[in-house]
Every structure is written in structure tokens, then in C-alpha cells.
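Read in our numbering, the sequence shown has 101 at position 100, and its numbers run on one by one without any break.
Note that CB positions come from ideal geometry on N, CA and C, so glycine has one too.
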Amino acid sequence: MCLSCKILFTDVPTVPSMASNDEEIRRIIHATFSNSETSSLPHDELIRIWTLDMQWMDPAMASQIIDSLCQTGWLHNYQGKLTPNPNIVPIQPLFGWRPIIRSLISPPVLDSYPVDRTMADVSEGDSMPQIEVVSNQKYPPDWAEASIKPMIAWISEQSGLSGKEVVRRAQRKRRALGPVTLWMALSLVAREQGLNMSKIAELIGDPN
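#1: Using 7 Å as the threshold, is the C-beta distance between PRO60 and THR52 below it?
#2: Identify the residues that DSSP records as bridge partners of THR1: which are they?
#3: Once you ignore the five residues that flank GLY74 on each side, which residues in its own chain have a CB closer than 8 Å to its CB?
#4: Assuming contact is defined by CB atoms lying nearer than 7 Å, are LYS82 and SER41 in contact in what I supplied?
#5: What distance in whole Å lies between the Cβ atoms of SER160 and LEU196, which are believed to be in contact at a cut-off of 8 Å?
#6: Just to check my reading of the structure: ILE106 and GLN72 have Cβ atoms closer than 8 Å, yes? What is that Cβ distance to the nearest angstrom?
#7: Excluding the 5 residues preceding and the 5 following ILE201 in the sequence, name in chain order all residues of the same chain whose CB lies nearer than 6 Å to its CB.
#8: Looking only at its own chain, which residues have a Cβ that is under 7 Å from the Cβ of MET55, when we skip the five neighbours before and after it?
#9: With DSSP as the reference, please indicate the residues paired to LEU42 in a beta bridge.
#10: Report the option in ILE26, MET198, TRP184, LEU204 whose CA atom is closest to the CA atom of ARG99.
#11: Give the straight-line distance between the Cα atoms of ILE29 and HIS77, rounded to the nearest whole angstrom.
#12: Comparing alpha-carbon positions, which option in SER69, LYS174, GLN80, ILE50 lies nearest ASN22?
#13: Got a sec: is the Cβ-Cβ distance from ILE106 to anything in chain B below 7 Å?
#14: So for GLY164, helix, strand or coil by DSSP?
#15: Output needed for ILE153: all residues of its chain with C-beta closer than 7 Å, excluding positions within five of it in sequence on either side, in chain order.
#16: May I ask you to check if the CB of LEU196 is nearer than 6 Å to at least one heavy atom of the ligand ATP?
#17: Quick one, which of GLU158, MET185, THR84, LYS174 has its alpha-carbon nearest GLY97's?
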């Protein structure tokens, strides 16, 4: 019987494969820890990121998933600080990705299912092709860098958030979205707060 038929005509839930669970865990670790395997977060802070910042789940579910990831070796809990297992190769999620909760509730034991390190074990001779970055001599690579402090101040003033909170939210978005500039992340925070995006464009300025 095909998978779709099983889903339609049986009451037995379809259980995600170990491989799909593995990939979802590595994606959420990338989104949370910004692909830095040495970074750490307090338990309560990680719950807040998943529930309030990302709005992926409720606090009880977040706590359950964190405990499961610690018990199965995906996360290490040292004196209340959580860090990803250094043997993990995180997967960068696509834009707009949201975790599949059922894949995180019962994670496979990491020792029993070695994490695929294909990308890390590629020899130098078989290394991935390098992307050539062509620089523009007219202005620095991040031409809007000078607008960051004015953007933080304006977003803070208009939204009522502290400057520190504005930066924190922007950094969370960078962790979730991958390689985006700080001023772009700040723009997303401003839009999230319902602020005037024309003013944001004015603060960023024109590279020309």
C-alpha cells in the first residue's frame, strides 16, 4: 500500500525516519546556535528563543524537546548552559523554514546513529568549488554599515524596545536566516514592529 493510502486509511501515525529526524535536529541546531558549535545558551534562554522569538512551539514542548536532545547526546548541558554536540554538522535551513515538531520529540540517540559528516570529511583534493566574490571599488562591501546605529536608535524610539532588545532580536533573525547583514536583520525587526519602512530605507541610504 502506498504511503498516502496508509495515512488516509489507517489510524497508525506515520513515524518519521531516523534520517529525517536527524536532519531536522541539525537544522534547528544551526538556526539556534548560528552554526557555532562552541556557543552556549542558558536553558531558559533557549526556551524563549524557540517560543517567543521564533514562535515555533509552546514552552512546555520546548522544554520537553531540550530534555530529549540532552538525553540523546545532541545537546550538552553544563552548569545550566546548553551547547550542541561538537560532532554534529549543522544543516542551514531554507528561508522560512519551521521545524517539524514530531521529528524533535523523540530524537535518535546520537551514539547509535553517527551524524553524517560527509561535508566535513571531504579531502582537500575533492573540496567544494570556491565562489569568487567580486568586490565593488565604489564603496565598502557593506555600504550600509554606517546606518546600523541610527537604525537601532530609531527602532528603539519608535517601538518602545530597548536598544539592547532591538539588537538581540536582530541577532536572532540572523541566526535563523543565515548569512544576512545586521542592517537587513534590523529592517526585519522594524517591519515586525509595524514601523514606517520608508524611514528605514532613508536611514539605510543609497550606495550611489
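Concretely, from the data shown:
#1: yes
#2: Since the first and last residues shown for the chain are 2 and 209, residue 1 lies out of range.
#3: ASN86, VAL110, LEU111, ASP112
#4: yes
#5: 7 Å
#6: Not quite, the Cβ-Cβ distance comes to about 12 Å (not below 8 Å), so this is no contact.
#7: SER188, ALA191
#8: ALA177
#9: LEU83
#10: ILE26
#11: 15 Å
#12: SER69
#13: Note that chain B does not occur in the displayed structure, where there is just one protein chain.
#14: helix
#15: GLY164, VAL167, VAL168, LEU187
#16: This structure lacks the ligand ATP; in fact it carries no ligand of any kind.
#17: LYS174
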